[in-house]
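For the sequence shown, position 152 (counting from the first letter as 1) is numbered 200 according to the working numbering, and the numbering increases by one without interruption. No residue lacks a Cβ here, since even glycine has one placed at the ideal position from N, Cα and C. For reference, the structure discussed in these notes is given below.
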Amino acid sequence: MEEKLDQYLQKMLLPADEWVRDLAAEAKADRVPIMDPVGMNFVMQLIRLTKPQRILEVGTAIGYSAMRMVEANPYASIITIEHDKVRYNQAFNNIHKMEMEHNIEVIHGDASEVIPTLAAEESFDMVFIDAAKGQYKRFFELAAPLLSDNGFILSDNVLFKGYVADEEKEHPRFQKIARKLRDYNDWLIQHPNFITSIVPIGDGVAISYKSNGKELKDYV
Ligand code: SAH
Ligand code: MG
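Structure follows, in structure tokens:
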């Protein structure tokens with residue numbers, strides 16, 4: 049996002065609680081890429097508006113985004129998946145410290161393997177995809193069948209530091225990730241069962257609403 053605009057939006061956020069600042073500091077010290085505050089604030093607002101009861105998160109890191117989702121809806125129950133053992137332990141400890149273990153279950157494992165095991169008993173009102181950028185399509189395809197009707201899937205970082213929209217912007221590693229995200233976004237907007245809106249907030253958040261095509265036809 050344009051830098052001045054982003055700075056302005058950051059400045060317009062009300063000060064966060066101490067536990068939120070502590071988590072952000074922990075993430076910074078460990079170089080863990082948690083959601084940026086403006087994007088997080090937007091996701092929290094979506095949660096207040098839609099009040100999802102059951103949330104699936106792909107990519108827990110240290111638990112920051114999951115805990116902020118509970119902050120936005122204390123009645124939410126979240127399953128979040130993390131494959132890195134160190135981060136999983138950090139998340140587990142942070143969640144317990146804030147006594148959010150009744151809201152958040154952290155599962156240690158690769159999301160591609162864990163999501164299919166949830167299929168039998170679970171359905172979700174919201175899915176938040178924020179893990180390996182090259183696997184977004186896979187995570188989406190695995191999670192979509194678990195989504196309740198009128199549910200939605202959020203994908204974070206879909207504009208990736210401006211590299212997705214600007215093909216000229218050079219960076220050996222980022223360009224490669226940007227290419228994958230560009231393919232993902234192309235695929236996403238064409239998905240027959242979802243209506244997607246890409247919002248240029250934070251690092252870019254795609255909101256994909258499950259329509260099943262039925263409602264669409266009702267309107268035309
Ligand atoms: N949602 C977090 C940030 C997640 S960072 C927040 O905003 O607070 C992305 C995380 O996804 C990393 O911790 C990484 O270890 C994890 N991850 C990447 N690929 C994964 C996979 N296939 N399965 C589970 N976790 C994965
Ligand atoms: Mg992210």
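Self-check item: Simplified DSSP assignment, three categories, for E119
Solution: Correct three-state label for E119: helix.
Practice problem: Compute the minimum distance between the beta carbon of D178 and the heavy atoms of the ligand MG, and state whether it is under 8 Å. | Solution: Yes; taking the cut-off as 8 Å, the Cβ of D178 has a heavy atom of the ligand MG nearer than that.
Exercise. Taking 8 Å as the threshold, find out whether the region 105–120 comes into contact with the region 78–86 through three or more Cβ pairs.
Key: Three or more beta-carbon pairs separated by less than 8 Å link the region 105–120 to the region 78–86, which places the two stretches in contact.
Exercise. Compare the C-alpha of N151 against each of P122, N137, I129, K52 and name the closest.
Key: Measuring from the Cα of N151, the nearest candidate turns out to be P122.
Quiz prompt | Proximity test, V68 beta-carbon vs the ligand SAH heavy atom, cut-off 8 Å | solution = No, the Cβ of V68 stays beyond 8 Å of every heavy atom of the ligand SAH.
Exercise. Put I225 into one of helix, strand or coil per three-state DSSP.
Key: DSSP, read as helix, strand or coil, puts I225 in helix.
Quiz item: Going straight from the alpha carbon of S196 to that of V175, what length do you get?
Solution: It is roughly 10 Å from the alpha-carbon of S196 to the alpha-carbon of V175.
Practice problem: Answer with buried or exposed for E50, where buried requires no fewer than 16 other C-beta atoms within 10 angstroms of its C-beta. | Solution: E50 comes out exposed.
Quiz item: Does the beta-carbon distance from R116 to V91 come in below 9 Å?
Solution: Yes; because the gap between Cβ atoms is below 9 Å, this pair is in contact.
Self-check item: Residues that N102 bridges to, as DSSP identifies them
Solution: Inspection of the sequence shows that residue 102 is occupied by Arg rather than by Asn. Looking at the DSSP assignment, R102 forms a beta bridge with S125.
Quiz item: Say the cut is 8 Å; is the CB of P81 nearer than that to a heavy atom of the ligand MG?
Solution: Indeed, a heavy atom of the ligand MG lies less than 8 Å from the Cβ.
Practice problem: Work out the CA separation of P164 and L190 for me, nearest whole Å. | Solution: Roughly 7 Å between the two C-alpha positions.
Practice problem: Compute the minimum distance between the beta carbon of D251 and the heavy atoms of the ligand MG, and state whether it is under 8 Å. | Solution: Because some heavy atom of the ligand MG lies under 8 Å away, the Cβ of D251 counts as near it: yes.
Quiz item: Thinking C-beta only, is I95 closer than 9 Å to A120?
Solution: In this structure, I95 lies closer than 9 Å to A120 by Cβ.
Self-check item: Identity of the residue in I126, I255, L62 nearest S171 by Cα
Solution: The shortest C-alpha separation from S171 is found at I126.
Exercise. Give the DSSP bridge partners of D204, in chain order.
Key: BP columns for D204 point to V253.
Quiz prompt | Own chain, CB closer than 8 Å to I155, minus 5 neighbours either side, in chain order | solution = Within the same chain, I127, T128, I129, E130, V162 come within 8 Å of I155 by CB-CB distance, once the 5 residues on both sides are set aside.
Quiz item: Can you tell which of L62, M60, V106 has the C-alpha that lies nearest to the C-alpha of I201?
Solution: It is V106 whose Cα lies nearest to the Cα of I201.
Quiz item: For the ligand SAH, any of its heavy atoms closer than 8 Å to the Cβ of Y112?
Solution: Yes, Cβ of Y112 sits closer than 8 Å to a heavy atom of the ligand SAH.
Quiz item: Taking 8 Å as the cut-off, does the CB of I201 come closer than this to any heavy atom belonging to the ligand SAH?
Solution: With a cutoff of 8 Å, I201 does not count as near the ligand SAH, since its C-beta is closer than that to no heavy atom of the ligand.
Quiz item: DSSP puts M174 in a beta bridge; with which residues?
Solution: Bridge partners of M174: I103, F200.
Quiz item: I246 to N233, Cα distance in whole Å?
Solution: Straight-line Cα distance between these residues: approximately 9 Å.
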